[in-house]
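Convert by adding 1416 to the 1-based position in the sequence shown; the result is the number in our numbering.
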Amino acid sequence: MNRIELGNINLRSWQKKDIKSLARNANNKKIWDNLRDEFPYPYTEMAAKQWIAIANEDNPLTNFAIEYKGNAVGGVGIILKSDVFRKNAEIGYWLGEKYWNKGFATKAVNAMVEYSFQNFNIVRIFANVFETNVASIRVLEKCKFKKEAILEKAVIKNNKVQNCYIYSILKEDLL
Ligand SMILES: CC(C)(COP(=O)(O)OP(=O)(O)OC[C@H]1O[C@@H](n2cnc3c(N)ncnc32)[C@H](O)[C@@H]1OP(=O)(O)O)[C@@H](O)C(=O)NCCC(=O)NCCS
């Protein structure tokens, strides 16, 4: 499946036509501040092109654009874990600042969780969230993730060491 209809937003595969919209929405220090350093900043059109070239490698898809009015304005995806952790996936997501606080991420994360449990042989989805990221913590709580652990001083971002929380949801929680 490469399209999930959610009403005002949809999840769909990344496409070459998204390069400009991806770069425009992702190029924001407030977004980068809450993500791993490997997320590009500044987020150039070249970075967008590189992402779109690899985003559709997995089948079933593990990465989706969050589409609003035809434009890709954010992203949601999972990373499947390996070896003894192969029943786990880590979820990540971001949204262009113009679209914050409209419930879009909550809708996207809920849909991605349901899709991931249906399409992959996993039993647990988790998120690593920085302690200061109140918006994302709220999204996870609204999506019924449970706070599982506090990793003390586990993260360094912008030269500041901070705590990181692990939130998780089990497949059985959805039944
Ligand atoms: C996290 C993010 C995806 C949330 O997207 P969103 O579409 O605005 O999220 P939603 O609208 O679904 O929910 C946001 C919730 O956080 C709350 N919130 C936002 N900022 C807040 C703040 N400063 N203090 C308290 N609550 C806040 C909103 O009120 C809302 O909760 P509510 O529905 O109970 O009112 C977006 O802020 C983002 O892209 N941030 C940067 C990247 C990021 O942090 N990614 C996740 C990494 S773990």
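Where a beta carbon is used, it is the ideal one built from N, C-alpha and C, also for glycine.
Need the endpoints of the beta strand (DSSP E) that residue i sits in, please.
i, result
"residue 1457", "Looking at the DSSP string, residue 1457 is not in any beta strand (DSSP E), and its letter there is neither H nor E."
"residue 1581", "1576-1586"
"residue 1421", "1419-1421"
Could you check where the alpha helix (DSSP H) with residue i kicks off and where it finishes?
i, result
"residue 1511", "That residue, residue 1511, is in no alpha helix (DSSP H); its beta strand (DSSP E) goes 1504-1511."
"residue 1558", "1550-1558"
Please classify residue i: does DSSP put it in a helix, a strand, or coil?
i, result
"residue 1539", "coil"
"residue 1518", "coil"
"residue 1526", "helix"
"residue 1607", "This structure cannot speak to residue 1607, because the chain is shown only from 1417 to 1591."
"residue 1533", "helix"
In the DSSP output, which residue or residues are listed as bridge partners for residue i?
i, result
"residue 1561", "Bridge partners of residue 1561: none, in fact."
"residue 1544", "1582"
(request) Could you name each continuous alpha helix (DSSP H) segment of 4 residues or more that falls completely within the region 1427-1503, going from the start of the chain to the end? (result) 1435-1442, 1445-1448, 1461-1470
(message) Quick check: the region 1515-1529 against the region 1459-1475, are at least 3 beta-carbon pairs closer than 8 Å?
(response) no
(request) Mind the definition here: the region 1444-1453 touches the region 1471-1485 only if three or more C-beta pairs lie below 8 Å; say whether that holds. (result) no
(request) Inspect the CB distances between the region 1469-1476 and the region 1497-1507 and report whether three or more fall short of 8 Å. (result) no
(request) Flag this pair as touching only if the region 1437-1444 and the region 1534-1552 have three or more C-beta atom pairs under 8 Å; answer yes or no. (result) no
(message) Whether or not the region 1569-1577 and the region 1523-1533 are in contact is what I'm after, with contact meaning three or more pairs of Cβ atoms, one per stretch, closer than 8 Å; do they touch?
(response) no
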